[in-house]
Amino acid sequence: MKADHLSRRSRLLTAAAAVVTLSAAATGCGSAPAQGSDSEASKARSAADLGGMDKLVAAAKKEGELNVYALAPTWSNYGQMIKTFEKKYGIEVHNEDPGGSSQGALNAAAKRKGQDRAVDALDLGTAFMQQAKAKKLLAPYKVKGWDAIPDSQKQSDGSFMNNYGGYISLGCDAKAVKKCPKSFKDLLKPEYKNKVALNGNPNESSSAFSSVIAASLANGGGFDDVQPGLDFFEKLKKSGNYVPVESTKATIQKGETPISIDWDYLNLGYGEELKSKSVDWQVNVPTDGQYSQYYNQGVNKYAPHPAAARLWLEFLYSPEGQNIWLRGYSRPALLEKMTEDGTVDKKAAAKLPEVEGTPKFPTHAQEAEAQKTISEGWGAAVS
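Have a look at this one:
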């Protein structure tokens, strides 16, 4: 989702990044006090507080800008999301460090209070969003579709909520690998020597962090015990199968990472994009370690463009925005509601891989403890 010094977003700098404004300088390099931090919009907990959506749109257009961080264009269709938002509202989106991480986004929010280049809205893995909340960086805001978001996927105070997610999966270049793996157990086979990679470091990337949790579930562990996940990667390293290269579309195309453990929506997106490069990229959700997780959205309490930040969230949670996620192979938070009311993109929904069973999620306390365990043990496991 968008678990990043757990994300994500894991440095996916690609040519597609040209669709957004990349330069940090574009967001303003000075440290002048933000003009919107004490505005009426900065206190709004819903569009109704500003007099409705029309008033919110007008206020956001007046600000004319939106600062975001680490939203890789190829990540769950973010490139299309940003382009559509800019065209729809005439608001320029400054996407700083699109190949960055959740940790980087959190740092930018925490260290730039009062600056006009502070981050307006945050897209973070749960562990990082919990840190943002603990640091009192979030402004409670409930979007129009708030009631339809499952209670288990939102904070009751409106501080943040799930938006899009997916399952940890195994991507595989079927032309470079004779038989693609379908489980974590398979990854230990000798035939996969120097072939298995992650999308980043678990201490910086949510996808890599979640991969360790999935490996733990596949090896007798659980949300209260992720050590088996670290033990698995230690075995993978010792067997010579683990490749310490951050997996991206580019490394896949070059043949450097023929097997990648990553979110299914990223792996599926790679498969679609790499067809023209003669790469037969197959994707399987591991049978022995099914793990699903969502990224979260929140408004920075110190957003220099508070109306634009709130409008951005409204757009993300609108049927239009949710369907853009869906076309990027991710599962939007309002998928069930949209399926019921007929606003879902049925063709896009049909492309999602089928997974049996109901996904289970760790509590915030379990995820925080898992983050601590993985942070302390990852270096030793793969050294």
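Mapped onto mature numbering (1 follows the signal peptide of the UniProt record, and there is no 0), the consecutive letters of the sequence shown carry residue numbers -26 to -1, 1 to 357. In this text, a Cβ means the ideal position worked out from N, Cα and C, and glycines have one as well. These numbers were taken from a predicted model, which means no experiment stands behind them.
Quiz item: What residues are listed by DSSP as bridge partners for Q267?
Solution: G140
Quiz item: Roughly how far, in whole angstroms, is the beta-carbon of L162 from the beta-carbon of N215, given that I think they are within contact range, below 8 angstroms?
Solution: 7 angstroms
Quiz item: Is the stretch 219 to 234 close to the stretch 128 to 136, with three or more CB pairs under 8 angstroms?
Solution: no
Practice problem: Would you decide whether A108 is buried or exposed? Buried here means 16 or more other CB atoms lie within 10 Å of its CB. | Solution: exposed
Quiz item: Between A324 and the rest of its own chain, which residues show a CB-CB distance below 7 angstroms, the 5 nearest in sequence each way excluded?
Solution: none
Quiz item: Among Y291, D315 and T337, which has the Cα closest to the Cα of F59?
Solution: Y291
Quiz item: What residue from P260, P124 and G74 has the CA that sits closest to C154's CA?
Solution: P260
Quiz item: How long is the line joining the alpha carbons of W49 and P293, rounded to whole angstroms?
Solution: 19 angstroms
Quiz item: Which whole runs of the beta strand (DSSP E) in the stretch 286 to 337 are 3 residues long or more, in chain order?
Solution: none
Self-check item: Where V253 falls: helix, strand or coil (DSSP)
Solution: coil
Quiz prompt | Closest by C-alpha distance to A95, when choosing among L144, Y141 and E39 | solution = E39
Quiz item: Given S357, which residues of its chain have a CB within under 7 angstroms of its CB, disregarding the five upstream and five downstream residues?
Solution: none
Quiz item: Since F183 and Q340 are thought to touch, with beta carbons under 8 angstroms apart, how far apart are those beta carbons, to the nearest angstrom?
Solution: With 8 angstroms as the limit, F183 and Q340 do not qualify as a contact, their Cβ atoms being about 13 angstroms apart.
Quiz item: Roughly how many whole angstroms lie between the Cα atoms of Q271 and S180?
Solution: 15 angstroms
Self-check item: Runs of beta strand (DSSP E) lying entirely within the stretch 32 to 99, each at least 3 residues, in chain order
Solution: 39 to 43, 66 to 70 and 95 to 99
Quiz prompt | Through-space distance from E66 to A18, alpha-carbon basis | solution = 22 angstroms
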